[in-house]
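Participant:
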Amino acid sequence: TDNAYGEYVWQGAYVFDISLDGIELRGRITHMDDNADLLKRSYYFGSDYSVQRSLYIDNVLYTISSMKVKMNNLETLAEINQVELS
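By the numbering used here, the letter at position 69 of the sequence shown is numbered 264, and the numbering carries on one by one without gaps.
#1: Just grab the DSSP bridge partners of residue 258 for me.
#2: For residue 244, write down the residues that DSSP places opposite it in a beta bridge.
#3: Which partner residues does residue 217 have in the DSSP bridge list?
#4: Should residue 215 go down as buried or exposed, given a rule of 16 or more other Cβ atoms within 10 Å for buried?
#5: When the distance is taken between beta carbons, is residue 269 closer than 7 angstroms to residue 254?
See below:
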């Protein structure tokens, strides 16, 4: 039977600007190089590279998955560094 849950689109953290004028998407950050890891699973789109948490300290946005911690500039979202966890 066909999978009723649809198809994979994207996984990661969305970064928004919020002001009195509204909410605007600034960008997005993912830990996946491609979606091949997600597509290996037949009924559930899951991966050890799925972003599970995010936090910021000063001007650095940290995103955390089971496989890595990624650091991005909070203003520009440019990647600063990443640490592989396994």
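Beta carbons are placed, not taken as given, at the ideal position from N, Cα and C, and that holds for glycine.
Facilitator: Short version:
#1: 249, 265
#2: Residue 244 pairs with nothing; no bridge assigned.
#3: 214
#4: exposed
#5: yes
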